[in-house]
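Using my numbering, the first residue of the sequence shown is number 51, and each one after it goes up by one.
Don't be surprised by glycine CBs; every beta carbon is placed ideally from N, CA and C.
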Amino acid sequence: MTPAALHDALQHRFSERYSTATAVLERHGKDEAYHAGVPPEAVVFATSTEDVVDVVNLCRTHKAPLIPFGTGTSLEGHINAVRGGISLDLSLMTEVLEVNEEDLDCRVQAGVTRKALNEHLRATGLMFPIDPGADASLGGMTATRASGTNAVRYGTMKDNVLGLTVVMANGDVVRTGGRAPKSSAGYDLTRLMVGSEGTLGVITEIQLRLYGQPEAVSAAVCLFPDIDAAAKTAIMVKQLGVPVARMELVDGASIRAINEADQLGMVEKPHIFFEFHGTKAWVAEQAELTQEIAAELGGEDFEWSTRPEDRSRLWNARHNMFYSVQRMRPGSVGWPTDVCVPISRLADCINQTLEDLSQTSLLAPLVGHVGDGNFHLQYLIDPDNEEELAQARWVNGRMIERAIEMGGTCTGEHGVGHGKIKYLEREHGAPSLAVMASIKRALDPENIMNPGKILSIN
């Protein structure tokens, strides 16, 4: 329990932006994963870096845990208050502070969402392409090192964050990076903070790389006889250097889910959804080359279109798939998980995982950002059924161990939170974890910054 003096001080400082209402606490203690909700003891809504400094200083004084909150769309329990404490909600920090059109960069507050930023940029001819599906906050995307459907073309958050403003555990405001296209000056504190999940400091502002909106965009969809053919097509497209902007593998069960939700009428077999960016001629050339590759590997019914309504229909169905899949088994809880492997091992990793899945009674649709070797299973489980939970843990554990053995990672984009802590030593080794722990202790000696995430430190 945090001391009453802390709550009195927060209420005095923030007034109506301090809450202990049950509904507010529950909302801030549960993300979109299957992990049980763990609500904080209070929620504070910040509107500025100065607000964040005040909250951090008060929490440090009273040695109270502090959990940053963006939009609550994370998937590994990042916002669970596993050791109690204060949830610091940054969703009111929604200013786009500057846009530098000639230099292709911008600076935003942490609560700005990717959709809001792109709406702000619409008239400039620029865009921020990183798209994890959910309308996540850019602060949360930075903190979890998110990526998404078009990482194959534009990279992940680590590739697109130029600089940060971070409030450290001692209350200092640190500004990292800058607007220069490159720098060799000192330690890369920006990369240290990107993916730190609120365990080293609270990100309040982000300097982001922008891109020009492409002249032409086309979407395509192709049917495959099985997952193996689809995965091998993705590998070949990447290896032949086709600059595809999105390449999403969707299995037959997922197609069934989106057919029911979006009335797409697609054959319930594996598909790949593609998107191409460039000039009109270049987009057409990319689509034709991809069609040839797919056909050689068993793909059929390849269709592509540059009509915005066709693209929107396809990608809206993909982005809503988490919820569409959830409706396949009413009353179940969705457990979404992900791994990432070198693209040459993608087909093997998927096939071996599906073989494990076939030995259980589980329904677990598969999708993947296969252009960069990342795929997801979404286990639909009855949380009160111990046998199903055991089966899901067995499949999931073997999938993660397999990915690591193949030179991959336990999480390509969801992050560690508290859901994947136990796999970090297997992936990185004990000496690397010791270095991480040393950094954590040096920057957060009281262990108040989102404790119980990434590392288990008392």
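Shortest alpha-carbon distance to ALA279 belongs to which of VAL300, GLY228 and PRO293?
As a working note, residue 279 is residue 229 in the sequence shown. The shortest C-alpha separation from ALA279 is found at VAL300.
Alpha-carbon spacing of GLY458 relative to ASN424, whole angstroms:
In the sequence shown, the residue the question calls residue 458 occupies position 408. In the sequence shown, the residue the question calls residue 424 occupies position 374. If you take the alpha carbons of GLY458 and ASN424, they lie about 9 Å apart.
Taking all protein chains shown into account, do 16 or more other C-beta atoms lie within 10 angstroms of the C-beta of ALA480, making it buried, or fewer, making it exposed?
In the sequence shown, the residue the question calls residue 480 occupies position 430. Exposed.
Buried or exposed for THR226, going by 16 or more other Cβ atoms inside 10 Å?
Against the sequence shown, residue 226 aligns to sequence position 176. Its Cβ being crowded by 16 or more others within 10 Å, THR226 is buried.
Cβ separation of ASP388 and GLU463, assumed to be a contact under 8 Å, to the nearest whole Å:
If you number the sequence shown from 1, residue 388 lands on position 338. If you number the sequence shown from 1, residue 463 lands on position 413. Correct: roughly 6 Å between the Cβ atoms.
Helix, strand or coil for VAL149 per DSSP?
Your numbering for residue 149 matches position 99 in the sequence shown. Of the three classes helix, strand and coil, the one that applies to VAL149 here is strand, per DSSP.
Between the beta-carbon of ASP276 and the beta-carbon of PRO320, is there less than 8 Å?
Here residue 276 corresponds to residue number 226 of the sequence shown, with the count starting at 1. Here residue 320 corresponds to residue number 270 of the sequence shown, with the count starting at 1. In this structure, PRO320 lies closer than 8 Å to ASP276 by Cβ.
Is TYR84 helix, strand or coil by DSSP?
To locate residue 84, count along the sequence shown from 1; it is residue 34. DSSP places TYR84 in coil when its eight states are reduced to three.
What does a CB cutoff of less than 7 Å around THR215 pick up in its chain, not counting 5 residues either side in sequence?
The residue you call residue 215 lines up with position 165 of the sequence shown. Excluding sequence neighbours, THR215 sits near THR99, VAL223, ARG225, THR254 and GLU255.
Per DSSP, what kind of secondary structure is VAL417 in: helix, strand or coil?
Taking the first residue of the sequence shown as position 1, residue 417 is located at position 367. Correct three-state label for VAL417: strand.
I'd like to know whether the C-beta atoms of GLN263 and ARG229 end up nearer to each other than 8 Å.
Against the sequence shown, residue 263 aligns to sequence position 213. Against the sequence shown, residue 229 aligns to sequence position 179. Against a cut-off of 8 Å, the Cβ pair of ARG229 and GLN263 comes out as no contact.
Roughly how far, in whole angstroms, is the beta-carbon of VAL294 from the beta-carbon of ARG203, given that I think they are within contact range, below 8 Å?
Reading the sequence shown from its first residue, position 244 is the one you call residue 294. Reading the sequence shown from its first residue, position 153 is the one you call residue 203. Confirmed, Cβ separation roughly 7 Å.
Looking at LEU260 and LEU154, is the spacing between their C-beta atoms short of 8 Å?
For this step, residue 154 is matched to residue 104 along the sequence shown. For this step, residue 260 is matched to residue 210 along the sequence shown. In this structure, LEU260 lies closer than 8 Å to LEU154 by Cβ.
Run through DSSP, which three-state label would PHE425 get?
Reading the sequence shown from its first residue, position 375 is the one you call residue 425. Strand, per DSSP.
Which class does PRO481 belong to by DSSP, given the choice of helix, strand or coil?
As a working note, residue 481 is residue 431 in the sequence shown. Residue state, collapsed to three classes: helix.
Are the CB atoms of ILE180 and ARG195 within a distance shorter than 8 Å?
Taking the first residue of the sequence shown as position 1, residue 195 is located at position 145. Taking the first residue of the sequence shown as position 1, residue 180 is located at position 130. No, Cβ-Cβ distance for ARG195 and ILE180 is not below 8 Å.
Return the chain-ordered ranges of every beta strand (DSSP E) run that is complete within the segment 169-234 and spans a minimum of 3 residues.
211-218 and 223-227
Looking only at its chain, what residues have a beta carbon closer than 7 Å to the beta carbon of ARG448, apart from the 5 residues adjacent to it on each side?
In the sequence shown, the residue the question calls residue 448 occupies position 398. Cβ neighbours of ARG448 beyond the five flanking positions: ASP406.
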